[in-house]
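For the record, in the sequence shown the residue sitting at position 140 is 140 according to the numbering used here, with numbers rising by one throughout.
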Amino acid sequence: MEGWSRMLKIWICGAGGRVGRKMTDILASRPVELLLTDADSVDITDSEAVMEYAHINRPHYIVNCAGLTDAAACEDCPEEAYRVNALGARNLSVAARMGKSRLVQMSTDDVFDGRSLVPYTEFDPVSPRTVYGKSKMAGENFVREFCNRHIIVRSSWIFGDGSPYLERILEMAGQGKTIRAASDQMASPTGADGLAAKIIELMEHGEDGLYHVTGQGCCSRYELAKEAVRLAGYQVPVEPVNASEDTLSSMRPSYSVLDNMMLRISNMRLLPHWKVMLEEYMKERRAGSRRRAEGKDGIGYGK
């Protein structure tokens, strides 16, 4: 494998999520040993369980794709949000330090307050306004405090198998319902495929530090929904509304476009434009639907 000259053990926590599954798919054909866990097999909020698993398996990399990402659920249950997103990251960081592993921590655009008029770089100060954003910021801080060999990857509006927002939009469109999506929330949609591949590239290159990794360009929730409905071939109205009226995304920052500055100054290739990534995802989604209809694929979308 490019950048890796020996067989490595890679522990992916949250392996059943969108990014975890894509990383697993890519790495399955590489000369690595994969250790795949979810909350049922290793609870990252249980420090003893984390330390025991890390001690027994001695991974070279720990990749934390686990997390509580539903912003509304985080507001309803803040202690659970901090337990998973902050305490879980701390436990993995300590285990990585003790086992001399490298840690990859997934984070989010929600660590910013959304008040900027220009894209946020890795060097801009964070100021989250939601419990979700605050808990993820706390997770980042624990990683920096307890594990000096780490990569923190912030991304935004990740879509892929089981994407809650897009799947709900497409479900409603398939039922002939009018779609109402926020026109005053802006970010950079990101395909899970491309994001997973870029994380692996960062690992291969031995990079450290903080990276923003998103699809290029930006759009509103309304523009994203409209494009997804168009690509799916549905003929239903897509109406712009204020974020407060969009029940699927009302808790998100109004502007959280991420500038991938660290990738650029590190001379690393950026991900494609979000429209290109969305079109590819919709093609894969249609192909998966055809396979299931023909009885060739029993795997469904979603967790």
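Cβ atoms here follow ideal geometry from the backbone N, Cα and C, with glycine treated the same way.
Candidates the options, of which the one nearest residue i by Cα
{"i": "residue 41", "options": "66, 18 and 61", "result": "66"}
{"i": "residue 256", "options": "206, 221, 234 and 226", "result": "221"}
{"i": "residue 151", "options": "174, 107, 112 and 115", "result": "107"}
{"i": "residue 13", "options": "6, 81 and 93", "result": "93"}
{"i": "residue 189", "options": "39, 33 and 154", "result": "154"}
{"i": "residue 50", "options": "95, 69 and 19", "result": "95"}
{"i": "residue 219", "options": "20, 196, 258 and 195", "result": "258"}
{"i": "residue 61", "options": "105, 75, 87 and 78", "result": "105"}
{"i": "residue 139", "options": "197, 268, 85 and 229", "result": "85"}
{"i": "residue 209", "options": "231, 149, 161 and 90", "result": "149"}
{"i": "residue 118", "options": "283, 254, 268 and 279", "result": "254"}
{"i": "residue 115", "options": "128, 123 and 230", "result": "128"}
{"i": "residue 79", "options": "91, 45 and 212", "result": "45"}
{"i": "residue 279", "options": "22, 263 and 233", "result": "233"}
{"i": "residue 161", "options": "229, 284, 143 and 36", "result": "284"}
{"i": "residue 141", "options": "165, 171, 173 and 87", "result": "87"}
{"i": "residue 36", "options": "270, 10, 52 and 226", "result": "10"}
{"i": "residue 110", "options": "74, 199 and 91", "result": "74"}
{"i": "residue 165", "options": "70, 52, 97 and 197", "result": "70"}
{"i": "residue 229", "options": "197, 144 and 168", "result": "168"}
{"i": "residue 98", "options": "83, 120 and 54", "result": "54"}
{"i": "residue 143", "options": "100, 91, 171 and 172", "result": "91"}
{"i": "residue 196", "options": "271, 170, 124 and 171", "result": "271"}
{"i": "residue 263", "options": "174, 172 and 199", "result": "199"}
Buried versus exposed, by CB contacts within 10 Å (16 or more), residue i
{"i": "residue 6", "result": "exposed"}
{"i": "residue 102", "result": "buried"}
{"i": "residue 299", "result": "With a pLDDT of 38 at residue 299, under the threshold of 50, the predicted position of this residue should be treated as unreliable, and no value is reported."}
{"i": "residue 287", "result": "exposed"}
{"i": "residue 64", "result": "buried"}
{"i": "residue 244", "result": "exposed"}
{"i": "residue 136", "result": "buried"}
{"i": "residue 20", "result": "buried"}
{"i": "residue 58", "result": "exposed"}
{"i": "residue 277", "result": "buried"}
{"i": "residue 76", "result": "exposed"}
{"i": "residue 212", "result": "buried"}
{"i": "residue 183", "result": "buried"}
{"i": "residue 56", "result": "exposed"}
{"i": "residue 242", "result": "exposed"}
{"i": "residue 265", "result": "exposed"}
{"i": "residue 22", "result": "buried"}
{"i": "residue 100", "result": "exposed"}
Anticipated Cβ contact below 8 Å, residue i with residue j, distance rounded
{"i": "residue 112", "j": "residue 131", "result": "Not confirmed; about 15 Å, so no contact."}
{"i": "residue 192", "j": "residue 146", "result": "In fact, because the Cβ distance is near 27 Å, the residues do not count as touching under 8 Å."}
{"i": "residue 186", "j": "residue 72", "result": "20 Å between Cβ atoms; not a contact."}
{"i": "residue 273", "j": "residue 194", "result": "Going by Cβ atoms, the distance from residue 273 to residue 194 rounds to 11 Å, so no, they are not a contact pair."}
{"i": "residue 18", "j": "residue 163", "result": "7 Å"}
{"i": "residue 282", "j": "residue 224", "result": "Contact doesn't hold; Cβ gap of about 12 Å is too wide."}
{"i": "residue 8", "j": "residue 24", "result": "That pair is no contact at about 14 Å."}
{"i": "residue 89", "j": "residue 68", "result": "Contact flag wrong, Cβ pair sits at about 12 Å."}
{"i": "residue 217", "j": "residue 275", "result": "7 Å"}
{"i": "residue 15", "j": "residue 38", "result": "6 Å"}
{"i": "residue 261", "j": "residue 122", "result": "6 Å"}
Subject >> Touch test, the segment 227-247 against the segment 175-182, Cβ-Cβ under 8 Å, three pairs minimum >> reply: Yes, they touch.
Subject >> Every unbroken alpha helix (DSSP H) inside the segment 33-96 [4 residues or more] >> reply: Within the segment 33-96, the complete alpha helix (DSSP H) runs of at least 4 residues are 47-57, 71-76 and 78-82.
**OP:** Could you tell me which uninterrupted beta strand (DSSP E) segments, each at least 3 residues in length, are contained entirely in the segment 169-239, listed from first to last along the chain?
**Re:** Unbroken beta strand (DSSP E) runs of no fewer than 3 residues, entirely contained in the segment 169-239, are found at 179-182 and 209-212, following chain order.
**OP:** Check whether the segment 203-217 touches the segment 27-43, taking contact to mean three or more Cβ pairs, one atom from each stretch, closer than 8 Å.
**Re:** Contact fails: fewer than three Cβ-Cβ distances are below 8 Å.
Subject >> Contiguous alpha helix (DSSP H) assignments of at least 4 residues, all confined to the segment 250-295 >> reply: With a minimum length of 4 residues, the continuous alpha helix (DSSP H) runs that stay inside the segment 250-295 are 261-265 and 274-293.
**OP:** Taking only runs that begin and end inside the segment 112-158, name each unbroken beta strand (DSSP E) of 3 or more residues, in chain order.
**Re:** Listed in chain order, the complete beta strand (DSSP E) runs (minimum 3 residues) inside the segment 112-158 are 150-155.
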